[in-house]
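> In the order they appear, the protein sequences are chains A and B.
Just so you know, we're using our numbering here: the first sequence kicks off at 1 and counts up by one.
Just so you know, we're using our numbering here: the second sequence kicks off at 537 and counts up by one.
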Amino acid sequence: MSLGRQSPRLVLLLCALAALAFAFQATSAKFTVSGIVVEHATGRPLGGVLVILSPTSARDRRLTILTGADGRFAFTNLLAAKYSLLAQRRGEQEVHGYQGSEGFSTGVVAGPGLPSENLTFPLEAPASIAGTVIDEDGEQVRQANIVLLRKAVLLGRNQVSQMGNRVTGASGRFRFAHLPPGTYFIAVQAQPWYAQFAGPGAEGAQAAGSRELDVAYPVTYYGDTTNGAAAAPIPLVEGASITVQIALHAVPAIHVPILGTESSQGGLSASASVEGPGGVLLFSNAVTIGANNSYELTGLAPGRYIVQLSGEGQAGSRQTVELAAGSTLSAQNAVTISVNGRVAFEGMDHPPNGVTLLLSNGKRSFSARIEQDGSFSFSTNAPSPGRYEVYVSNAPEAYIRTVTANGAVVSGDTVEIEEGTSIQLSVVAAKGLRSKLDGIAVKDDKPVAAAMILLLPRDLNRKALIRRDQSDSDGTFTLPEIVPGRYTLLAIDDGRELAYQDPEMIKPYLSAGQLIDSPLGNDAPVKVNVVSRLRQ
Amino acid sequence: MREPVLLVRLLKCYWSAMRAYILIPFLGMWIGNVWSGQASSGIQSNDSVPSQGTKRYPVTGTVSNSVTGEPLRHALVRIGQFSAFSSADGRFQIDGVPEGQYVAAAQRPGFFDPSQAGYIATPLPTITVGPNTPSVALVLVPESVIEGRVLNNTGEPVENAQVQVISEQIVGGRKTLQAAGMWNTDDAGEYRIENLVPGRYYVQVLQQPVFELGNSAAAAGSTREVYPEQFYPNAPDLTSAQALPLRPGDSARVDFTVAPKSAVRVSGVTAPAAPNGIFATLQNTSGEETQIAIQFNPRNGKWTLPFVPPGTWNVVFRAQDQPGEAYYGEQRIEVRSSDIENLQIALQPLPTVPVHIVNAADTQAQSVQLRLFPQNERRLNRQEFVATPSGGNPSGPLFLRDVAPGAYTVVTQSNGQFCVDSVTSGSTDLTRDPLLVSLGSPPQPVQVALREDCATLEVMIQPQEHPGTRTVILTSDSPAFEPKLAALGAGPSAQFGPLTPGTYRLYQVPNPNNLEYANPEALRNLEPQEITLAPNQHATISLGAVAAGAASQ
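Next up, the structure:
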């Protein structure tokens, strides 16, 4: 089921009263949610774990209990209801859902004849990656920035995403704990402690020894490489502790004059990022120095950078460049992306108040206000290159019917924005209330818990229309905010790490799905048969 | 089923990644700043552009560890604009340095330059480069470290416990406590606070809920446990804590064992609602305050303190409205085992106390400085109040603004031709008694009476048996008198005045930096010279030579 976003503060205020009311009702109830918390890999009972139970209709009425040394917990005298069951280890920030992943879990339904007791709640043993950053002399590097990346299927997409960052202390050490199993990469960015960068025009006047100090460390990845695409993957299994070492090598820093900056009266600033594994942009460093309208990039090791210039008259222009000693950069060459267009709202006199157009790809999103005449322009926050889904937000009664573009390839509601292009988007939005879909996942007519439920549009490229849930202990599920149209409803027994946003991955399942026209004519729950996960 | 809680975690994860993105640019700037800061603080620049014909000479020397005397390799040595690394034996050579005077400095991670090494700070050496440039012996002071583990009573590591290091510093002759570093323990319960200058430190592990996320929002009456705050060594509060003395290069190990204690939930409402948010602190019976987590709804003023440990507390609320006026509210509570609900907290504006200067032809504000020092010094980041003129008019009347409730020592200092005759608030003589500020009844205006028949005092030191500068400290019996300092070299004298007629004490010390000279107790072991000044007297006093080091702590 889906819950609207509420102000956490308000929610907290309500909760004292609500809990009181709940406690009173509970006196007439007789159901129990109980079980044992165990370590996933070993089955060993886990004591001292906080187990949190709340009815899904009022999630702020939280009951908490600590597991005993035998790992057992029991909430008794409960009303018949659907409950959210969560667990948290002592000292950890993470809260784990029962059979949960990625924000979905299996709700536990307590009621006559329903299995809500003797549940097994496995928690994966936390894994960690620790390491040391050293320089070419083998000395520890302080103040190094470490970024941990994980390659995984996240919300149905196969992607590399940042998991966290650390700064090393005197010992040059860093540590990432409570990591889920998976494939990781590590990127390190640092400056030699003695580095001193000469300013523009300082070339001839450099004093003795200065050249030795005008050095930089290239961004370095685990696997002893400075090439993001060649970073060595670190496989991490449940409960593992891996220790790595990364050595940095200082190289002469490059000085890249920025040409054509005469008009930059208000000052110019530049930042340089690198492309890490999976194309993730890393380390946006401020790297300009200069005065009197003469600027240069400084403190960088030679290499490939995405340079973003900003300043007066330079609204976030960007260029991808290979920089080496002797390179120059032209402010005029900077590539800008321009995206604008119009949204036609069918069946409405004018666009709803406050409606915005959103370009999002799960990792980044950019928004632009839709004016009263339907026009919009990403003038101040141009999206960076990539594939984005198009959404209209702040308009619950409107949904996107079609997206077409001049200057970009569109598939479904996904637009592919390339560097340096000027794109004219035409969007048709139609009026129609979103509806929800209640259902039950079954196999051989018996309810199936923990199945991945997917609602897929006929055009698999219209990713903004995809809905997902996980079936609860009685097999029930709820898909929220469904835009009118024709869909395939699918239930898969094991949806973990399934890249369902990829049409090629999901196509083999479609024939086993069930065609649904939303909104349904009635409110009766839809029955859907659970299919087995295909092993590719 | 969709879990909003888990989704929040997922988003948080993105957010922390985003933060990395935002923070990193500053690092480059920081590195640049540290560097330029060092360069400008330590190095003279008479060497900027050597003229033609300027003779150049090599400069050689060594870099060593001030504690062990061991040579330091790969230290960066700077003589003006010129630099070189020391080699494996700690030696360096910089060629082609134009003749002249330079400050010599060395730098290496893990070491302080002696001019920055806390209480043992000494100036950097100045060298003369010429035909007979002497070898330069540079030392670096190793940093000190405090590290340890936080375990619970069953021996499990406590993760994300905040360990705070508080340095005891003496500023203007008064002891103050300043936060010097904070570290969150890792999943093994370990922390390590580096980069500490030699000095005295308190180490504290802050109060932490045993289960933060799950329990802070749990229903009233739920079990909720906290690891209470703890100070080294095994002390429940700052009053009973001990400072840890750290010498250069020390690596102190401070382990904590914290036992869960059941806490309760305290809730209520403030009036007015404080739309800009609110801070809450718990004040213990000895007046120490610690900040505590609060859930607050700015629209209706409802608040909840999810984790209040058992004990007697004064809950203190601080807020600020849009024009910047400060509000304050407090409530005494006895926490046992059950939740406390429906507390009504009246937020009141903090009092502003007018300061009147009387009995002088020229009552210009800047002729008198008046400051309030809280009498309870055992407080982190202790707040002092300075009387300032109102509304941008520098010579306008003075006010002490937004003074928090408490007892204050009033300290005055007069400039120009006047001296302070009396400092009063109603019938309270503030030269002897503290100024008491409470919310309900703001104190009477502070009245500073000036007089013109001031005395002056000229101090001379007899010829020195030992070289170096001496500092003369002038104190009085009145706590309202701000001690005056004068540094004396060989020969010259120092002039103090205008001084209120009365009895004064003079002390002579080699270095006042680490001396709590505003505290009469701290001066007790020193031999003072006493002098009584009559109205309009212009006295001269000659201080005897004191053996070197006699006045050091």
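Even for Gly, the Cβ is constructed at its ideal location relative to N, Cα and C.
Fair warning: this is a prediction, and the values are worked out from it, not measured in the lab.
Note the first and the last residue of the continuous beta strand (DSSP E) segment covering K542 of chain A.
Given a span of 1 to 536 for chain A in the structure shown, any question on residue 542 of chain A remains unanswerable.
> The ligand GTP and S84 of chain A: does the residue's C-beta get closer than 7 angstroms to at least one heavy atom of that ligand?
With respect to small molecules bound, the structure shown includes none, and the ligand GTP cannot be examined in it.
> Does the CB of L612 of chain B have a neighbour CB from chain A at under 8 angstroms?
Stepping through the second sequence from its first residue, residue 612 of chain B is reached at position 76. Chain A, which has a Cβ nearer than 8 angstroms to the Cβ of L612 of chain B, makes this yes.
> So with Cβ pairs under 8 angstroms, would you call T759 of chain B a contact of chain A?
Translated into positions along the second sequence, residue 759 of chain B becomes position 223. Taking Cβ atoms only, chain A reaches closer than 8 angstroms to T759 of chain B, which makes this a yes.
> Can you name the residues that DSSP bridges to Q629 of chain B?
By one-based count along the second sequence, residue 629 of chain B stands at place 93. DSSP, once it has assigned bridges, lists B:T596 as partnering Q629 of chain B.
> Taking the C-alpha atoms as reference points, what is the distance between D537 of chain A and R462 of chain A?
Examination of residue 537 of chain A is not possible in this model, given that chain A is present from 1 through 536 alone.
> State yes or no: is the beta carbon of D649 of chain B nearer than 8 angstroms to at least one beta carbon in chain A?
As a first step, residue 649 of chain B is located in the second sequence; it is residue number 113 there, counting from the start. With 8 angstroms as the cut-off, D649 of chain B does not count as an interface residue toward chain A.
> Beta carbon of V739 of chain B, beta carbon of Y763 of chain B: below 8 angstroms?
If you number the second sequence from 1, residue 739 of chain B lands on position 203. If you number the second sequence from 1, residue 763 of chain B lands on position 227. Contact: no.
> With DSSP as the reference, identify every bridge partner of C955 of chain B, one or two as the case may be.
Locating residue 955 of chain B in the second sequence gives position 419, where the first residue counts as 1. For C955 of chain B, which the question treats as bridged, DSSP gives the partners B:R987.
> In chain B, what lies closer than 9 angstroms to H178 of chain A by C-beta?
Walking along the first sequence from the start, residue 178 of chain A turns up at place 178. Neighbours of H178 of chain A on chain B, chain order: E695 and D723.
> Mind checking if F709 of chain B is an interface residue toward chain A, Cβ cutoff 8 angstroms exclusive?
For the purposes of this step, residue 709 of chain B is taken as the residue at position 173 of the second sequence. Residue 709 of chain B is actually Gly in this sequence, not Phe. Cβ-Cβ to chain A under 8 angstroms: no for G709 of chain B.
> Measuring only the C-alpha atoms, how far is P1091 of chain B from V794 of chain B?
Because chain B spans 537 through 1089 in this model, residue 1091 of chain B falls outside it and cannot be assessed.
> Which residues bound the beta strand (DSSP E) around L971 of chain B?
As a first step, residue 971 of chain B must be located in the second sequence, where it is residue number 435. Taken as a continuous stretch (DSSP letters only), the beta strand (DSSP E) holding L971 of chain B covers L971 to V973.
> Around the C-beta of V984 of chain B, are 16 or more other C-beta atoms found within 10 angstroms, so that it is buried, or is it exposed?
As a working mapping, residue 984 of chain B is identified with position 448 in the second sequence. Answer is buried; the Cβ neighbour count reaches 16.
> Assuming the contact rule is C-beta atoms closer than 8 angstroms, A270 of chain A and I254 of chain A should be a hit. Round their C-beta distance to whole Å, please.
Looking up residue 270 of chain A in the first sequence gives position 270. Looking up residue 254 of chain A in the first sequence gives position 254. In fact, because the Cβ distance is near 13 angstroms, the residues do not count as touching under 8 angstroms.
> Could you check what DSSP says for K797 of chain B in three-state terms: helix, strand or coil?
For the purposes of this step, residue 797 of chain B is identified with residue 261 of the second sequence, where counting begins at 1. Strand, per DSSP.
> How about L63 of chain A and L53 of chain A: are their beta carbons less than 8 angstroms apart?
On the first sequence, position 63 is the one that residue 63 of chain A refers to. On the first sequence, position 53 is the one that residue 53 of chain A refers to. Cβ atoms of L63 of chain A and L53 of chain A: closer than 8 angstroms.
> With a threshold of 16 other CB atoms inside 10 Å of the CB of G521 of chain A, please say whether the residue is buried or exposed.
Stepping through the first sequence from its first residue, residue 521 of chain A is reached at position 521. Exposed is the call here.
> Do A408 of chain A and I417 of chain A count as a contact pair if the criterion is CB distance below 8 angstroms?
Here residue 417 of chain A is taken as the residue at index 417 of the first sequence, counted from 1. Here residue 408 of chain A is taken as the residue at index 408 of the first sequence, counted from 1. Yes, the pair counts as a contact, with Cβ atoms nearer than the cut-off.
> By the 10 Å Cβ neighbour count, where 16 or more other Cβ atoms means buried, how is A524 of chain A classified, buried or exposed?
Counting from 1 along the first sequence, the entry for residue 524 of chain A is found at position 524. By the 10 Å Cβ count, A524 of chain A comes out exposed.
> When you check each C-beta in the stretch 68-97 of chain A against every C-beta of chain B, which residues fall closer than 7 angstroms?
Flagged, chain order: S84, L86, Q88, R90, G91, E92, Q93, E94, V95 and G97.
> Can a CB atom of chain B be found closer than 8 angstroms to the CB of L12 of chain A?
Within the first sequence, residue 12 of chain A is the residue found at index 12, counting from 1. Low confidence applies to L12 of chain A: its pLDDT is 34, below 50, so where it sits in the model is not reliable, and the reading given next is rough at best. For L12 of chain A, the answer is yes, since a Cβ of chain B falls inside 8 angstroms of its Cβ.
> So, do the stretch 832-842 of chain B and the stretch 796-810 of chain B have three or more beta carbon pairs nearer to each other than 8 angstroms?
Touching, yes.
> In this structure, does DSSP put E1057 of chain B in helix, strand or coil?
As a position in the second sequence, residue 1057 of chain B is number 521, starting the count at 1. Three-state result, E1057 of chain B: helix.
> Under a three-way DSSP split, which group does K838 of chain B fall into?
Along the second sequence, read from residue 1 onward, the residue named residue 838 of chain B stands at position 302. The answer is strand: DSSP assigns K838 of chain B an E or B state.
> Strictly by DSSP, which residues pair up with M452 of chain A?
In the first sequence, counting from the first residue as 1, residue 452 of chain A sits at position 452. Paired residues: A:Q470 and A:I492.
> Output, in chain order, the set of chain A residues within a Cβ distance shorter than 9 angstroms of E1057 of chain B.
Residue 1057 of chain B sits at position 521 when you count from the first residue of the second sequence. The contacting residues do not exist; E1057 of chain B stays about 37 angstroms from chain A at best.
> Give me the Cα-Cα distance between Q714 of chain B and S776 of chain B, rounded to the nearest whole angstrom.
As a working mapping, residue 714 of chain B is identified with position 178 in the second sequence. As a working mapping, residue 776 of chain B is identified with position 240 in the second sequence. Straight-line Cα distance between these residues: approximately 18 angstroms.
> Can you check whether the C-beta of G646 of chain B is within less than 8 angstroms of a C-beta belonging to chain A?
Your numbering for residue 646 of chain B matches position 110 in the second sequence. Yes, because at least one Cβ of chain A sits closer than 8 angstroms to the Cβ of G646 of chain B.
> Run through DSSP, which three-state label would I997 of chain B get?
Along the second sequence, one-based indexing puts residue 997 of chain B at 461. If DSSP states are grouped into helix, strand and coil, I997 of chain B belongs with the strands.
> The beta strand (DSSP E) that contains L268 of chain A, what's its start and end?
Against the first sequence, residue 268 of chain A aligns to sequence position 268. Unbroken beta strand (DSSP E) run through L268 of chain A: L268 to E275.
> Would a check of beta-carbon distances place L50 of chain A closer than 8 angstroms to chain B?
Taking the first sequence and counting its residues from 1, one reaches residue 50 of chain A at position 50. L50 of chain A counts as touching chain B.
> Taking 8 angstroms as the CB-CB cut-off, is G578 of chain B touching chain A?
Against the second sequence, residue 578 of chain B aligns to sequence position 42. Bear in mind that a pLDDT of 33 at G578 of chain B, under 50, signals an unreliable position, so the number given afterwards is only what the model happens to contain. Chain A, which has no Cβ nearer than 8 angstroms to the Cβ of G578 of chain B, makes this no.
> So, is the C-beta of A170 of chain A closer than 8 angstroms to a C-beta in chain B?
By 1-based counting over the first sequence, the position of residue 170 of chain A is 170. Output row for A170 of chain A: interface = yes.
> Would you mind reading off the limits of the alpha helix (DSSP H) that contains Y738 of chain B?
For this step, residue 738 of chain B is matched to residue 202 along the second sequence. Note, Y738 of chain B: premise wrong, no alpha helix (DSSP H); beta strand (DSSP E) at G735 to V741.
> Mind checking N878 of chain B: buried by the 16 CB within 10 Å criterion, or exposed?
Start at 1 with the first residue of the second sequence, and residue 878 of chain B comes out as number 342. When all chains shown are included, N878 of chain B counts as exposed.
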